[in-house]
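Q: For the sequence shown, the tail end lands on 434 under the numbering used here, and the numbers increase by one without skipping.
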Amino acid sequence: MVKQQLSEQFGYVFDEQLIESILEVGRLKQFKKDDIIIDIGQDMQSIPLLISGNIKVSREDHLGHELLLYVLEHGDTCAMSLTCCLSKAKSKIRAVADKNSSVMMIPLENMSKWFHTNESWRNFILESYQVRFNEMLETIDTLAFMKMDERLFKYLTDKVKLNASSTITITHQQISEDLNTSRVVISRLLKQLEDESKINIGRNKIEVLQF
């Protein structure tokens with residue numbers, strides 16, 4: 224079953240030998256929604272390959288305010304954790320399960336070894352860096368050039384695309400934490416979007432009407 228899942232999610236890039244090696248050394252872990260997978264300041268001994276589910280990756284300032292950097296989908300890995308592993312530094316990000324998730328944890332020594340010995344792994348790592356770098360640039364552009372109501376609507380439409388559903392189960396507080404603003408501001412802007420017929424607000428649910 225695990226081999227089938229690995230092949231379904233990573234077979235397009237990993238060769239058969241690498242998949243067998245992953246099954247041999249990897250540790251499959253299950254996380255429930257809101258479980259912390261990697262925390263800030265944690266020693267990095269392994270990197271995650273996301274088999275199923277979604278993972279939110281965020282940064283935190285000295286006051287404890289979080290900012291969402293990007294969301295990982297099945298078939299992804301976290302470039303920030305790769306960087307910390309290679310430099311043997313403590314984690315600078317927090318990775319939290321956005322829904323129930325299955326993750327294959329790859330030990331640091333194997334990650335480094337495969338980078339030099341397996342072309343499919345090397346290509347996957349380099350492509351992952353590029354994708355995550357582009358997503359962080361998009362986050363910076365959003366912060367620098369978008370007003371909060373625009374950021375909020377983009378956040379909601381991104382959630383719709385990620386979950387393949389126009390209805391999002393989420394609280395105003397959760398949104399405010401992801402966007403690093405107050406719950407009061409989010410509630411006001413959500414009401415504004417509802418008045419513009421862009422969304423419908425329910426109890427801990429938001430239906431996006433335009434995306």
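Even for Gly, the Cβ is constructed at its ideal location relative to N, Cα and C.
1. Can you name, in chain order, every residue of its own chain whose Cβ lies under 6 Å from the Cβ of I391, other than the five neighbours on each side?
2. Within this structure, are the beta carbons of Q253 and K313 separated by less than 8 Å?
3. Which same chain residues end up closer than 6 Å to D299 when comparing Cβ atoms and leaving out the 5 residues on each side of it in sequence?
4. Considering only the beta carbon of each residue, do S343 and V236 sit closer than 8 Å?
5. Determine the burial state of I259: buried for a count of at least 16 other Cβ atoms within 10 Å of its Cβ, exposed for fewer.
6. What are the start and end residues of the beta strand (DSSP E) that includes V319?
7. Which of the three DSSP states is assigned to R282 in this structure?
8. Is the number of C-beta pairs between the stretch 281-288 and the stretch 350-358 that are closer than 8 Å three or more?
9. Could you tell me which uninterrupted beta strand (DSSP E) segments, each at least 3 residues in length, are contained entirely in the stretch 380-422, listed from first to last along the chain?
10. With 16 other CB atoms within 10 Å as the buried threshold, where does G425 fall?
11. Assuming contact is defined by CB atoms lying nearer than 8 Å, are L305 and I270 in contact in what I supplied?
12. Kindly indicate the opening and closing residues of the beta strand (DSSP E) around Q240.
13. Tell me which same chain residues have a C-beta within less than 8 Å of the C-beta of I242, skipping the five on either side of it?
14. So, with DSSP's three-state summary, where would you put L432?
15. Any beta carbon of chain C sitting closer than 8 Å to that of T392?
16. Beta-carbon separation of M327 and G249 under 8 Å?
17. Considering only their Cβ atoms, is the gap separating L416 from I422 smaller than 8 Å?
18. Expressed to the nearest angstrom, what Euclidean distance is found between the alpha-carbon atoms of N386 and Q268?
19. Pull up the distance between the alpha-carbon of S244 and that of I398, whole angstroms please.
20. Taking the C-alpha atoms as reference points, what is the distance between K396 and E296?
A: On the basis of the supplied data:
1. K382 and I429
2. no
3. The residues are L273.
4. Their beta carbons are under 8 Å apart, which means S343 touches V236 by this criterion.
5. exposed
6. R317 to A320
7. strand
8. Segment contact: the stretch 281-288 against the stretch 350-358, fewer than three CB-CB distances shorter than 8 Å; contact not assigned.
9. 390-392
10. Around the beta carbon of G425, fewer than 16 other beta carbons sit within 10 angstroms, so the residue counts as exposed.
11. For L305 and I270, yes; Cβs fall inside 8 Å.
12. That residue, Q240, is in no beta strand (DSSP E); its alpha helix (DSSP H) goes E239 to V248.
13. K226, L229, S230, F233 and G234
14. coil
15. The chain inventory of the structure shown lacks chain C, comprising one protein chain alone.
16. yes
17. yes
18. 30 Å
19. Straight-line Cα distance between these residues: approximately 39 Å.
20. Reading the sequence as shown, one finds Gln at residue 396 and not Lys. Answer to the nearest angstrom: the Cα atoms are 23 Å apart.
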